[in-house]
Amino acid sequence: MPNSRQLESQRSKSDRRARLLGNYRPLAGVHDELISPDGDIRPQWHALLDEWTNLTPGELTRRTALADRHLSDAGVSYRIRDEVDLDDMLSGERSWPMSHMPLPISEDEWRTIEAGVSQRAGLIEAVLRDIYGPGRLIAEGALPAAAVTGSPDYLRPLHGAAVPGGQHLQMYACDLGRGPDGKWWVLGDRTQAPSGAGYALENRLAMARAFPDLYRALNVERLASFFQGFRAGLVSGARRADPRICLLTPGPLSESYFEQAYLARYLGFLLVEGGDLVMRNNMVHVRTIAGLKRADVIWRRVDGDFTDPLELNASSRLGVAGLLHAIRQENVVVANGPGSGVVESRALMSFLPKLSRKVLGQDLLLPNIATWWCGQPRERKTVMDRIDEMAIASAFRADIRGASDGEPLIMSEQGSEARAEMIAAIQTRGVDYVGQEVVKISTMPVLRADGTLEPRPFALRVYATATPDGWRVMPGGFCRTSDRLDARAVTMREGARSSDVWVLSEKPVEQVTLLPPPDQIQIRRVVGNLPSRVADNLFWLGRYLERAEGVLRLTRTLLGRMIDADIRMPGQQDAVKRLSGMLVAWGAAPGARAPAMRQAFAALHGLDHYGSAAACMREAKRTASVTRERLSVDAWRLIGDLTRNLERETADLPTEGEGYETADRALRALAAFSGLAEENMNRGAGWRFLEIGRRVERAITTCRFARQFGDQSGPAEHLDVLLDLIDSQITYRSRYLVGLAFHPVIDMVLFDEYNPRSVAFQIARLDAEVAALPSVRDDGLMELPRRLSLKLAADVATSRTDQVDRAFILTIEQRLMGLSEAVASRYFLQSGVDAPSPKS
Amino acid sequence: MLYNIRHITTYTYNSAVPFARCVLRMFPRIEPGQTVMSSALTITPHATERRDSICFFGNRVASITIEKPHKALTVSVTSLVEVMQPGLLGLDVSQSWEMIRDEAADSVSLEASSPVHFLFQSRLVPIEPTAVAYAMPSFPPGRSVLDGITDLMHRMKADFTYDPKATEVSTPLAQALENRRGVCQDFAHVMISGLRGLGLPAAYVSGYLRTIPPPGKKRLEGADATHAWVSVWCGHGLGWVGLDPTNDIFAENDHIVVARGRDYADVSPLDGVIVGSGGQSIDVKVDVEPLG
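Protein sequence lines correspond, in order, to chains A and B.
Position one of the first sequence corresponds to residue 0 (numbering that gives the first Met the number 0), numbered consecutively onward.
Position one of the second sequence corresponds to residue 0 (numbering that gives the first Met the number 0), numbered consecutively onward.
Below is the structure:
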């Protein structure tokens, strides 16, 4: 007999179950993943629901919040293209919405999907080889030539070209939906540059972290081996044993930039933009701070037509001039092959059942959604005869009249005029259209905010990769649920939310990580060479962070004076005036006539003042966002938090005390960032440029403080302010029992190498970092940046306070700027020529 | 007819260009009816690298790299070309335009001369409903394709005004069509858009016209610059037929072909990546001298 406590827990568990499922009503005539037509819960859900209902509502809330936090902390986001504003790369960024209920799929069912997807990937690869090769399928009439040439992704210059690595497709994906008969149907193929695999991986990490017990108990198959296979496939195609693999991104404005940055980091690839690449001797090279380095493999996320402005779209700035010729010479592996998008079209899909029988001698294991290309008389007639049951769509990827974004038009919903127009259009240019059957796809449960489930239609993207041992299918996928109840497959848009997909193994799953066997690991301490563009961004990240710090210090000191000091004293009044004058000069605050409080407020939050702390942090965040794959999650989060805090809108002017508090908190956050960079970042070249940027800016800022407040004849209050600004009050008082005096204060600010805030300290660090940068000279002479930093360090180290006046400080400031420019022109991307040619 | 052709293009930049990598499509094509005796290219400043090749459409392409900073780039091509086109025999043996349309869509070849490459919209030639509506009256049901395209060419000559000030290289064809003004490139694009809209394969041809007209004939428009016209696929028997809507004539022995493609973007004389800031100006001189 169960005791009362067990009974109680049983009762609350069944209550929870009743509540979870209480409102769940599958749609009529549609397959539902959770509930069978006779009202039973389908078997693959039993264990999941059982574990799920073990959790109390409070526990569930905590766990789903944990998953969401994981996603938002990792900066998981996607961009909505319409909202992207070129001037502000941070607009249009949204958190990735994840539905917390995963989609479980039984092992048996998964094996069917797996076999079907592998078969399809193999078939499509064979079709691609034929299209760009001998063209037998076309000559023999199995595939009409116009079904190929109608695609804007058919790249004529690759006709007859070599296929380095032997594969057009390294990664293939297709979207699946389950029809009313319970069978899976292919809704579309993705061969150009399939996206979403990174999101699938992130969703998995978030779910595995939030529900570790559930995840283990259900024997969910792991994703890592898929990515391992993908990397092995890329490596095996390259000519060199230890190839340099680059992920070519269209840049931070791309919808899936996060995913690209995330995958580059996860797989250990170099994230590059077209501008990072350059052709020399018909080989692709990456511009790095150590000169040009050969790229062996390019995993492209740039559409094929944009990869080479010389032979393809001449207006593209996303690719690299001469890439196709390098491919023809088999000097670089490009995955997927630039022309592989041609098989994504609906026209081509309509021929796959026939092509499968012809090429493979088999029927497709996963059928297509039925599609008729109107470029052929018989198919055109079929579509015309049944037009009211059909959806009409572009045969390729153009927009058709009456629909946008390449979406289909459901004919039964059109008026008679639109219908007649469509019929006329198909009769004149049938080649542009396909008719598709309107299939209803299945629904799956999505968790609502109130903790109950509701059915939503979904499409499942499944990935396959060509490994040296054949096609491998990712056990899981990227599942997108619609926010609408319309379950017709053709109306499925990009999806509103995503879910993790759990393939439930019947036995405990093997742990696979990306680690190769120990004997294959070559120990290395530095990964590749830093691309010049990344170095540039990290340098500016350092400068913006430090500039924000300078403004915050000025503002805090200003507010501190307004709170504590006797403002009527002439020395104090002058100090306040000078502090606010500096804020104005730095572009952080409105003109000197504005009240000091208004100026302090603008210096903290005023986005319309380019020099304000908020504006500097926004710039810092922008540069951080384009080098996100180089920053730790914590560092990224700190920058995000700080930017948000400074940007938040306050209508009311805060009090001096509140403003002081804000500046103080922001300075603490910046100190935390410094700590992270100091303790957690590898001392690679990336860290070095961040450090150089910070040191240069801090040295310049400190010189400026000293020029304003380090006057030999000025009042003692000025020296007091100066010590405040460089945070050295306590040190000074512990060293000098007498009051404030010019020489000791100025020594502490400019020359004291023990004081981490002094100019000399910054310059000594700068020189050390500049000395450690790579040299591309082969004559053994020093590079210009080092010549400048070494001389500056020596001059500052050997100077004495009696030489100091404003002109002296200004000279140091100017030499720092000269050093900064020398670093920029030597290491960053300036133009096509200054990158030295490779030696071999 | 034998021609001596000089084509000199000078790009002048406002500030020095440190690096240039371009493709040039300026050599006359080698094709049936046209023999290229010689063709010489001179580039100033000297190209660091030069590679000659034939592109998908059979055009001759030179890829060059210049690594020396320069404020001007001069590309000069001198060619000796013989043109001997059989011409249309004055006897219309072409099929109805609807049959041509269906035959083209049914093609089983991806060869460069296959009509399937010229059926669809391309970078610079969208299928404009207005262009299709304009072309439509020339193609009543059952009319022979040659009749149809000849009629369309006559109508265009009557309706459009040659006006170099009306458009630029980047002007969309819809605008030239709306204003009924433009240059050879615009007329060719408008005609191609209309023909493709009806399902007929139409290609863009760039080249030269003889500068000095034969005695007693009018000097042709576009003779002192590079020219462009249209080529229409008229079935397996007749093949490709060239028409010059700017001058309302068939392209025969007065036309020297440099490149063929789907639109101007496929045949543009110079494409490339020029690293540099600031604007540029371009000066083109063409001289086509008939040697008899």
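For each residue, glycine too, the CB sits at the ideal point set by N, CA and C.
Note that this is a predicted model, so its numbers are computed, not measured.
How far does the alpha helix (DSSP H) with Tyr-731 (chain A) in it reach, from first residue to last? Per DSSP, Tyr-731 (chain A) belongs to the alpha helix (DSSP H) from 728 to 734.
Is the number of C-beta pairs between the region 401 to 417 of chain A and the region 358 to 377 of chain A that are closer than 8 Å three or more? Output reads no: the region 358 to 377 of chain A does not touch the region 401 to 417 of chain A.
Straight-line Cα distance separating Arg-621 (chain A) from Ala-325 (chain A): C-alpha separation (whole angstroms): 34 Å.
Between the Cα of Pro-140 (chain B) and the Cα atoms of B:Arg-218, B:Asp-265 and B:Glu-97, which residue gives the shortest distance? If we check each option's Cα against that of Pro-140 (chain B), B:Glu-97 comes out closest.
Counting C-beta neighbours from all protein chains within 10 Å, is the total for Gln-9 (chain A) 16 or more, i.e. buried, or is it exposed? By the C-beta density criterion, Gln-9 (chain A) is exposed, having fewer than 16 other C-beta atoms within 10 angstroms.
Nonlocal neighbours in the same chain, by C-beta distance under 7 Å from Gly-610 (chain A), ignoring five residues either side: Within the same chain, and ignoring the five residues on either side of Gly-610 (chain A) in sequence, the residues whose Cβ sits closer than 7 Å to its Cβ are Val-550, Trp-585, Gly-586 and Ala-587.
Close beta carbons around Leu-645 (chain A), own chain, < 7 Å, minus the five adjacent residues each side: Cβ within range, chain order: Leu-603, His-604, Ala-612, Ala-613, Met-616 and Ala-665.
Tell me the rounded alpha-carbon separation between Gly-360 (chain A) and Ala-141 (chain A). Their backbone Cα atoms lie some 13 Å apart in a straight line.
Does the distance from the CB of Gln-184 (chain B) to the CB of Ala-227 (chain B) come in under 9 Å? Here Gln-184 (chain B) is near Ala-227 (chain B), since their CB atoms are less than 9 Å apart.
Between the CA atoms of Ser-824 (chain A) and Gln-279 (chain B) - distance to the nearest angstrom: When rounded, the distance between both Cα atoms is 25 Å.
Can the beta-carbon of Ala-392 (chain A) be found closer than 9 Å to that of Gly-405 (chain A)? In terms of Cβ geometry, Ala-392 (chain A) and Gly-405 (chain A) form a close pair [threshold 9 Å].
Span separating the alpha-carbon of Ser-52 (chain B) from that of Ala-160 (chain A): Between the C-alpha atoms of Ser-52 (chain B) and Ala-160 (chain A) there is a straight-line separation of about 13 Å.
Between A:Arg-428, A:Lys-576 and A:Val-583, which lies nearest to Ser-717 (chain A) when the distance is taken from Cα to Cα? Here residue 717 (chain A) turns out to be His, not Ser, going by the sequence shown. Between His-717 (chain A) and the set A:Arg-428, A:Lys-576 and A:Val-583, the nearest pair of CA atoms involves A:Lys-576.
Which residues, taken in chain order from the region 147 to 160 of chain A, show a beta carbon closer than 7 Å to some beta carbon of chain B? If you check each beta-carbon in the region 147 to 160 of chain A against every beta-carbon of chain B, the ones closer than 7 Å belong to Val-147, Thr-148, Gly-149, Arg-155, Pro-156 and His-158.
In three-state DSSP terms, what is Pro-530 (chain A)? Residue state, collapsed to three classes: strand.
Contact set between Cys-54 (chain B) and chain A, taken where Cβ atoms lie within less than 9 Å: The answer, in chain order, is Arg-155, Pro-156 and Glu-310.
Sort B:Val-229, B:Leu-290, B:Ile-248 and B:Val-272 by Cα distance to Cys-21 (chain B) and report the nearest one. Comparing Cα positions, the closest option is B:Val-272.
Given that a residue counts as buried once 16 or more other Cβ atoms are within 10 Å of its Cβ, and exposed if not, what is Gln-728 (chain A)? Burial call: exposed.
Here's the rule: buried if 16 or more other CB atoms are within 10 angstroms of the residue's CB, otherwise exposed. What is Thr-225 (chain B)? Thr-225 (chain B) should be labelled buried.
Nearest-angstrom Cα distance between Ser-11 (chain A) and Ser-98 (chain A)? Distance between the alpha carbons of Ser-11 (chain A) and Ser-98 (chain A): 24 Å.
What three-state label does DSSP hand Ile-211 (chain B) in the structure shown? Judged by DSSP in its simplified three-state form, Ile-211 (chain B) adopts coil rather than helix or strand.
Contacting residues, own chain, Cβ-Cβ under 7 Å from Glu-258 (chain A) (five flanking each side not counted): The residues are Ser-194, Gly-197 and Tyr-198.
Output needed for Gly-656 (chain A): all residues of its chain with C-beta closer than 7 Å, excluding positions within five of it in sequence on either side, in chain order. Here the set comprises Ile-562.
Per DSSP, Asn-679 (chain A) forms a beta bridge with which residues? Asn-679 (chain A) pairs with nothing; no bridge assigned.
Within its chain, find whatever has a CB closer than 7 Å to the CB of Arg-532 (chain A); leave out the 5 residues flanking it on each side and keep chain order. Listed in chain order, the non-local C-beta contacts of Arg-532 (chain A) below 7 Å within the same chain comprise Glu-272, Gly-274, Asp-275 and Leu-828, local neighbours out to five positions each way being set aside.
For Glu-696 (chain A), the first and last residue of its enclosing alpha helix (DSSP H): 684 to 708 is the span of the alpha helix (DSSP H), which, as asked, contains Glu-696 (chain A).
What I want to know is whether the C-beta of Asp-304 (chain A) ends up closer than 8 Å to one or more non-hydrogen atoms of the ligand ATP. With respect to the ligand ATP, the structure offers nothing, as it holds no ligand at all.
Taking 9 Å as the CB-CB cut-off, is Cys-358 (chain B) touching chain A? The structure shown does not extend to residue 358 (chain B), since chain B spans only 0 to 291, so no value can be given for it.
How far does the beta strand (DSSP E) with Lys-292 (chain A) in it extend, from its first residue to its last? Element bounds for Lys-292 (chain A): 290 to 293.
Does the Cβ of Ile-281 (chain B) have 16 or more other Cβ atoms within 10 Å, making it buried, or fewer, making it exposed? So Ile-281 (chain B) ends up on the exposed side.
Are the C-beta atoms of Ser-205 (chain B) and some chain A residue less than 9 Å apart? Ser-205 (chain B) does not count as touching chain A.
Under 9 Å Cβ-Cβ, which residues of chain B neighbour Thr-427 (chain A)? Scanning chain B for C-beta atoms nearer than 9 Å to the C-beta of Thr-427 (chain A) yields Arg-100, Val-131, Gly-196, Leu-197 and Gly-198, reported in chain order.
Does the region 773 to 790 of chain A come close enough to the region 808 to 827 of chain A to have 3 or more Cβ pairs within less than 8 Å? Taking 8 Å as the limit for Cβ pairs, the verdict is that the region 808 to 827 of chain A does touch the region 773 to 790 of chain A.
Of the residues A:Gly-115, A:Leu-669 and A:Leu-20, which one's Cα is nearest the Cα of Leu-351 (chain A)? Considering only alpha carbons, the answer is A:Gly-115.
Residues of chain B with CB closer than 8 Å to the CB of Gly-569 (chain A), please, in chain order. The sequence shown places Pro at residue 569 (chain A), rather than the Gly named in the question. The contacting residues do not exist; Pro-569 (chain A) stays about 52 Å from chain B at best.
Thinking C-alpha only, which one of A:Arg-119, A:Arg-627 and A:Asp-212 is nearest Asp-362 (chain A)? Answer by Cα proximity: A:Arg-119.
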